[in-house]
Amino acid sequence: MLLGISCITFALMHLTPGDPAEIILRADGIKPTTAAIEVTRHTLGLDGPVYIQYGHWLSRVLHLDLGSSYSSGRPVLTEILSRFPATSLLAICGIIVALLLAVPLGILSALYPDRLIDRLGRVFALLSVSMPGYWLSLLLIYYGAVKLRLFPLMGMEGGSSLVLPSLALGFGMAGVYIRLIRASMLEALGQLYIKAARGRGMREWSVIGRHAFRNALLPSLTLLGVQIGGLLGGSVIVETVFAWPGIGRYAVEAIFAKDYIVIQGYVLLMAVVVVLVNLIVDVGCLLLDPRIRLR
Amino acid sequence: MITLHLPKGSRAALAGGSIVLIFIVIGIFAPYLAPSDPLQIHMDHRLSLPSWEYPLGTDHLGRCVLSRLIYGTRTSLYCALIVLGVVFAISIPVGLIAGYAGGKVDQLIMRIIDVLLAFPSLILALAVTGMLGPGPVNLLIAFAAVWWTGYARIIRGMVLQIKERDFIMAAKAAGSSHLQIMVRHILTNVARPILVLASMEVGTIILSLAGMSFLGLGAQPPAPEWGVMLNDSRTYIQTAPRLMLFPGLVILLVVVGFNLLGEGLRRADGRMHE
């Protein structure tokens, strides 16, 4: 899998119009000499047949050398890793916001199907998946920062600056979770053990919380693995709008700077993150559900 | 008063379908509906409030906001249609061949698709656009290149199921060629579920395309495009917040329309199978 990912990432470099080496040198505004192009091509590993290029590139990547950003001159890996905490903080807060919205709404929708709360949940879910994240971000900036002045406009300074971006990111995720939690709660509530728990005279909130919800939680964890890619994609937009010093914004800046090596490193690392998160989710499911372990 | 008693799914499909239809009409008749030229700059009318001449006011270059929104409908629908067209042109043959041929061909194709699917779609699209250079055409190429994989996989799955049915056996016995079977018997049977699936995804495609333009990677100013308009409005968020209101609202509405339509069609389709 990772080998395939590396192939695609490597191939991306060859999508650039013309010779990447020449483009990188031209970005300084000076017409490069043939010798300079040759040298750059060599440092980029762009000389020789494709399979040898790939081999060189792969061995460098395996030694955690993703090349250097041409605009800052610093190693791409360092640059990305230094922005990693900001992006993960935002992503985790986004997930928390999504769950804070989705868990109560999802449970209530399942408890009272086709009633007002269920319909509200349905409308909310539709709005959540249809809402342009970039527009929501602008609205949040306007109302939260410009009009009411409750939160800082942009950047990452203190806890309050985290509120608006997390809301923007979490809102978009919440819809799918509401639908999923509702569906899995409905399924769990129909099971025999719920009847048994009720029959033993357990309090209703205990039945719902300890028996139904815990069993409904597992699909949500699996969904997180599916959604992590979308979350990373969404964070690109949110980070750009809120000037959040994360990886997504760095990648967008790299695109405008034609910093191809950074783009390449970014894609590779994001794909690795997605694979890793899915691995963790799988292990988490194993730990949470003994039934899967038995299989 | 006549009341329509429709099942739930079709009510959503009807509501969504109407919204979508309105936008399609607006897109087709944009030149007749728009009150002014969406590109005409009036520096003496910059950031003016809504008036009879400019029903939704003007932007920072004095261009009519309503006209830009109307022409933007055209851009968004066109682009989504092109992306879907290219996606189908790739995914249908690939899915058909993988499912029908089976064996090593199938394994190879599916392996490639699995790897491509490991990349977050928006991030891969971002990277492809980054490598090709920002611009509307490159963005469409990037989207098509990223989006076809999911469809190919689903089509392959459907082909695998249909392949085993009796009428395929009958067609084989009647001496139909592989191509005939694939096109006439299998494709016609997967067409409807694929269209339902596509209607569910148009909203997402429009959303993402406008998002890329918002980032400056797709349609470029002065093109009348919703994402571009939103991006332009960022600078004036304090002085003219209405500029960011309308494009976002329009995107939300059209995406809600497509999502309702897709969801309704899916439920109706499910009932038909039952």
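Order-wise, the sequence lines are chains A and B.
Heads up, the first sequence is in my numbering, so the first residue is 1 and it goes up one at a time.
Heads up, the second sequence is in my numbering, so the first residue is 1 and it goes up one at a time.
The C-beta atom is built at its ideal place from N, Cα and C for all residues, glycine as well.
Where residue i falls: helix, strand or coil (DSSP)
i, result
"Ser68(A)", "strand"
"Pro75(A)", "strand"
"Thr58(B)", "strand"
"Met1(B)", "Its pLDDT being 41, under 50, Met1(B) is placed unreliably in this model, and the value from its coordinates should be taken loosely. Correct three-state label for Met1(B): coil."
Any C-beta of chain A under 9 Å from that of residue i
i, result
"Arg184(B)", "no"
"Gln161(B)", "no"
"Gln238(B)", "yes"
"Arg277(B)", "Nothing can be reported for residue 277(B), as the shown portion of chain B is limited to 1 through 274."
"Ala80(B)", "no"
"Thr235(B)", "no"
"Ala191(B)", "no"
"Gly264(B)", "no"
"Gly102(B)", "no"
"Met1(B)", "In this prediction, Met1(B) has a pLDDT of 41, which is less than 50 and means its spatial position is unreliable; nothing more can be read from the coordinates."
"Ile24(B)", "no"
"Gly57(B)", "no"
"Val137(B)", "no"
"Gly21(B)", "Here the sequence assigns Leu to residue 21(B), which means Gly is not the residue at that position. Not closer than 9 Å to any Cβ of chain A, the Cβ of Leu21(B) fails to qualify, so no."
Assumed close pair residue i, residue j - CB separation to whole angstroms, cut-off 8 Å
i, j, result
"Ile181(A)", "Gly106(A)", "3 Å"
"Phe258(B)", "Gly203(B)", "4 Å"
"Ala125(B)", "Phe143(B)", "6 Å"
"Ile5(A)", "Ala271(A)", "5 Å"
"Leu15(A)", "Leu132(B)", "6 Å"
"Val256(B)", "Ser184(A)", "That pair is no contact at about 25 Å."
"Tyr71(B)", "Pro241(B)", "No, Tyr71(B) and Pro241(B) are not in contact; Cβ-Cβ is about 22 Å, not under 8 Å."
"Ala101(B)", "Ser67(B)", "Not a contact, Cβ separation roughly 51 Å."
"Leu259(A)", "Tyr143(A)", "Before going on, a small fix: residue 259(A) reads as Asp here, not Leu. About 35 Å; that fails the 8 Å criterion."
"Gln264(A)", "Met1(A)", "Wrong, their Cβ atoms sit about 18 Å apart, outside the cutoff."
"Ile206(B)", "Val254(B)", "6 Å"
"Ala174(A)", "Ser128(A)", "5 Å"
Within-9 Å CB hit, residue i to chain B
i, result
"Leu241(A)", "Note that residue 241(A) corresponds to Val in the displayed sequence, not to Leu. Closer than 9 Å: yes."
"Ala168(A)", "no"
"Leu139(A)", "yes"
"Pro245(A)", "no"
"Ile95(A)", "no"
"Phe256(A)", "yes"
"Cys285(A)", "no"
"Met173(A)", "no"
"Ser184(A)", "no"
"Trp135(A)", "yes"
"Gly4(A)", "yes"
Sequence-distant residues of the same chain with beta carbon closer than 6 Å to residue i, five excluded per side
i, result
"Thr240(A)", "Arg249 and Val252"
"Asn278(A)", "Gly225"
"Ile178(A)", "Ala102, Leu105, Gly106, Gly121 and Ala125"
"Arg266(B)", "Val196"
"Asn189(B)", "Ile162"
"Ala12(B)", "Leu260, Glu263 and Gly264"
"Ile186(B)", "Val159 and Ile162"
"Arg74(B)", "Gly27 and Ala30"
"Ala197(A)", "Val207 and His211"
"Met43(B)", "Gly62"
"Pro136(B)", "Gly218 and Ala219"
Beta-carbon contacts of residue i that lie in its chain and below 8 Å, excluding the five residues immediately before and after
i, result
"Ile237(A)", "Gly133, Tyr134, Ser137 and Gly248"
Cβ shell of residue i (< 7 Å), same chain only, five flanking positions each side left out
i, result
"Arg165(B)", "none"
"Ser160(A)", "Phe151 and Pro152"
"Ala198(B)", "Leu84"
Task: Stretch-stretch touch, CB-based, cutoff 8 Å, three pairs: the stretch 92-100 of chain B with the stretch 141-153 of chain B - done: yes
Open item on the list: Whether or not the stretch 279-293 of chain A and the stretch 212-225 of chain A are in contact is what I'm after, with contact meaning three or more pairs of Cβ atoms, one per stretch, closer than 8 Å; do they touch?
Closed with: yes
- [ ] Assess, as a yes-or-no matter, whether the stretch 45-60 of chain B is touched by the stretch 111-121 of chain B under the definition of 3 or more beta carbon pairs within less than 8 Å.
- [x] no
- [ ] Examine the Cβ distances between the stretch 229-247 of chain A and the stretch 78-85 of chain A and report whether three or more of them are shorter than 8 Å.
- [x] yes
Task: the stretch 69-80 of chain B in contact with the stretch 207-222 of chain B per 3-pair CB rule at 8 Å - done: A contact exists between the stretch 69-80 of chain B and the stretch 207-222 of chain B.
TODO: Pair every Cβ in the stretch 237-249 of chain B with every Cβ in the stretch 138-151 of chain A, then say whether three or more of these pairs are closer than 8 Å.
DONE: yes
TODO: Pair every Cβ in the stretch 213-223 of chain A with every Cβ in the stretch 96-116 of chain B, then say whether three or more of these pairs are closer than 8 Å.
DONE: no
Open item on the list: Pairs of beta-carbons, one from the stretch 89-101 of chain A and one from the stretch 159-173 of chain A, closer than 8 Å: are there three or more?
Closed with: yes
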